[in-house]
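Scroll down for the structure; my scribbles are underneath it.
Numbering (this note's numbering), first residue to last: 30 to 252.
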């Protein structure tokens with residue numbers, strides 16, 4: 030428990046100080062457009078120290094910042110829009126903007142399902158009102174399950190930036206390794222399929238009437 034508190038405090042300090050400036054400010058060198066479909070652009074590039082490529086997705090949506098923040102922080106609702114998610118549950122809620130959670134992903138036979146234990150931090154830029162989240166692996170917080178492969182390397186980042194007239198630019202960055210015996214070339218071949226479906230399903234999720242009037246204390250709405 031003490032280790033968890035120390036890790037959380039350190040991660041919060043690092044994220045709040047460094048990431049607002051670094052998030053999505055990575056050099057464009059190496060990003061290659063792989064797909065442009067349905068208003069979603071998919072980019073890939075080589076990742077340092079890994080054979081698995083990094084992914085970046087960009088699109089535009091029309092939604093309130095409160096709705097976006099609610100959907101992105103409602104762990105138990107992830108199964109509604111996160112591709113292949115069969116269950117998601119909160120392990121420890123640190124605050125309204127910080128959480129440790131567990132999620133299991135359905136993988137096609139004969140592959141074993143995957144699961145992840147993650148730490149997620151969510152915040153809003155006070156000047157631009159852009160919403161940001163960073164999610165990293167906390168795989169040690171929950172024992173591994175039999176017949177399920179634990180994904181221990183994961184880096185996910187969301188950014189939602191108001192661009193005027195009710196429009197929001199969405200940037201989604203993903204770097205992960207599914208583990209197991211899947212060869213890197215096969216992972217890279219289909220790596221964008223799941224996240225692409227996640228982006229599409231998120232757009233639909235944000236349109237639901239049940240979220241229209243949600244408000245969160247830490248979110249300032251754009252005008």
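Here a beta-carbon is modelled for each residue, glycine too, at the ideal position from N, C-alpha and C.
Residues that residue i bridges to, as DSSP identifies them
i	result
residue 78	Answer by DSSP bridge pairing: none, since residue 78 is not bridged.
residue 183	205
residue 190	198
residue 84	73, 203
residue 178	143
Buried or exposed by the 16-neighbour rule on C-beta atoms within 10 Å, applied to residue i
i	result
residue 224	buried
residue 244	exposed
residue 134	buried
residue 82	buried
Enclosing beta strand (DSSP E) for residue i [first to last residue]
i	result
residue 161	160 to 166
residue 235	Counting along the chain, residue 235 falls outside any beta strand (DSSP E), and DSSP gives it neither H nor E.
residue 62	61 to 66
Through-space distance from residue j to residue i, alpha-carbon basis
i	j	result
residue 105	residue 155	28 Å
residue 248	residue 97	10 Å
residue 195	residue 169	41 Å
residue 123	residue 157	25 Å
residue 146	residue 109	19 Å
residue 165	residue 67	28 Å
residue 77	residue 205	12 Å
residue 151	residue 114	21 Å
residue 89	residue 175	40 Å
residue 61	residue 203	15 Å
residue 49	residue 161	Low confidence applies to residue 49: its pLDDT is 43, below 50, so where it sits in the model is not reliable, and the reading given next is rough at best. Cα to Cα, the separation comes out at about 8 Å.
residue 198	residue 190	5 Å
residue 125	residue 246	9 Å
residue 193	residue 250	12 Å
Proximity test, Cβ basis, 8 Å: residue i and chain E
i	result
residue 142	The chain labelled as chain E is not found in the depicted structure, where only one protein chain is given.
Runs of alpha helix (DSSP H) lying entirely within the region 87 to 153, each at least 4 residues, in chain order: If we require 4 residues or more, the alpha helix (DSSP H) runs fully inside the region 87 to 153 come out as 94 to 102.
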